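Q: Using the UniProt record's numbering, the final residue of the sequence shown is 126, and nothing's skipped along the way.
By construction, the Cβ of each residue, glycine as well, lies at the ideal position given by its N, Cα and C atoms.
The model shown is predicted, which means the values in this text are computed figures rather than measured ones.
The structure under discussion is supplied below as structure tokens; questions concerning it will follow.
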Amino acid sequence: HLTLKAEVATTLLALALVYLLGASYGGMAAALALLLRMLLITPLQVRGLHAAIGYDWRSFFQSSYRSLLASVVMVVVVMWLSRQTGLSGYAHLAGDIAIGTLTYALAYSLLHPRWPQEFKLVFTAR
1 HLTLKAEVAT
11 TLLALALVYL
21 LGASYGGMAA
31 ALALLLRMLL
41 ITPLQVRGLH
51 AAIGYDWRSF
61 FQSSYRSLLA
71 SVVMVVVVMW
81 LSRQTGLSGY
91 AHLAGDIAIG
101 TLTYALAYSL
111 LHPRWPQEFK
121 LVFTAR
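Shown next, in the form of structure tokens:
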């Protein structure tokens with residue numbers, strides 16, 4: 001019950017943050033709101049999972065460290081290359097999305113080379 005209440009509360013907080021900062025920061029307000037929501041909700045989710053199935057912080061980090069590292073690499077590369085491209089408007093947005101997607105895919109693939117096979121198993125295993 002705590003997790004459900006926390007989900008609702010953090011979602012409302014994120015929406016309020018987007019409302020308050022959206023005019024000034026645009027899409028970055030949404031990104032900041034989502035980051036804040038995840039930082040607040042993740043400990044509560046892990047606590048709930050631990051109570052339900054014994055999933056603890058060690059299990060959480062073992063299953064998510066690759067994504068976390070790939071995300072950090074992606075942010076650094078996008079922030080650096082975004083300034084170098086000279087693009088503006090929608091072209092700049094599309095370029096950032098393309099650079100971010102490719103960087104994340106490459107970084108994650110280097111950290112976890114077998115992910116395509118494991119991904120296929122999700123859909124083919126019975």
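1) Taking only runs that begin and end inside the segment 15 to 90, name each unbroken alpha helix (DSSP H) of 4 or more residues, in chain order.
2) What are the boundary residues of the alpha helix (DSSP H) that includes residue 113?
3) Quick check: what's the CA-CA separation for residue 3 versus residue 122?
4) Starting from the C-beta of residue 78, find all residues in its chain whose C-beta is less than 6 Å away, skip the five residues before and the five after it, and write them out in chain order.
5) With DSSP as the reference, label residue 125 as helix, strand or coil.
6) Please report the straight-line C-alpha distance between residue 114 and residue 23, rounded to a whole angstrom.
A: With the given structure in hand:
1) 27 to 53, 57 to 84
2) Here residue 113 belongs to no alpha helix (DSSP H), and DSSP marks it neither H nor E.
3) 27 Å
4) 96, 99, 100
5) coil
6) 43 Å
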